[in-house]
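Undergrad:
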Amino acid sequence: MTGSIGMELTKTQRGAPMLLYEGYSYTRSRELQDAVHWVCRDRRNCKAKITTDGRITVVIRKTGEHAHAADPTAINLLKVRNAMKEKAGKSSDQCMNAINIV
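See the structure below:
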């Protein structure tokens, strides 16, 4: 978890960085030395963007409004899926054991 309240860094299904912030998910679009630019995960339909500092601890700027409501259920699903992947990767147990642990 990063410094800002409601901000959490996680990964997409393919392992790319993803930022969870205020009930929305963002994927990294560009990384500079002192800032990281993020776009809404639903970038085809939504124009919302945020910029964080280079350490991804503080949101510096918000641009645009979301064209959809926040989806806490989808965010929780992402967290559970990533926790399962992490447990499965670190453990030699069978798949069902990793699921039961989470």
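To convert, note that position 14 of the sequence shown is 14 in UniProt numbering; the numbers rise steadily by one, no gaps. We put the beta carbon where it would ideally sit given N, CA and C, even for glycine. Small disclaimer: the values here were computed from a predicted structure and weren't measured.
#1: May I ask you to report which of helix, strand or coil DSSP gives residue 12?
#2: For residue 54, which option in 48, 45, 64 and 33 has the closest C-alpha, if you only look at C-alpha atoms?
#3: Pick out the complete alpha helix (DSSP H) segments inside the UniProt domain "FLYWCH-type" (10-68), 4 residues or longer, and give them in chain order.
#4: Using only alpha-carbon positions, find the residue among 30, 29 and 58 that is nearest to residue 21.
#5: Could you give the residue range of the alpha helix (DSSP H) that holds residue 89?
#6: What residues in its chain sit with their C-beta under 8 Å from that of residue 18, if we drop five residues either side in the sequence?
TA: On the basis of the supplied data:
#1: What you label residue 12 is simply residue 12 of the sequence shown in a count that begins at 1. Reduced to three states, the DSSP call for residue 12 is coil.
#2: Start at 1 with the first residue of the sequence shown, and residue 54 comes out as number 54. The shortest Cα separation from residue 54 among 48, 45, 64 and 33 belongs to 33.
#3: none
#4: In the sequence shown, the residue the question calls residue 21 occupies position 21. Ranked by Cα distance from residue 21, the options 30, 29 and 58 are led by 58.
#5: Reading the sequence shown from its first residue, position 89 is the one you call residue 89. Segment 72-90, the alpha helix (DSSP H) holding residue 89.
#6: By 1-based counting over the sequence shown, the position of residue 18 is 18. Closer than 8 Å at the Cβ level, and outside the excluded window around residue 18, lie 9, 10, 11, 12, 25, 26, 27, 28, 41 and 78.
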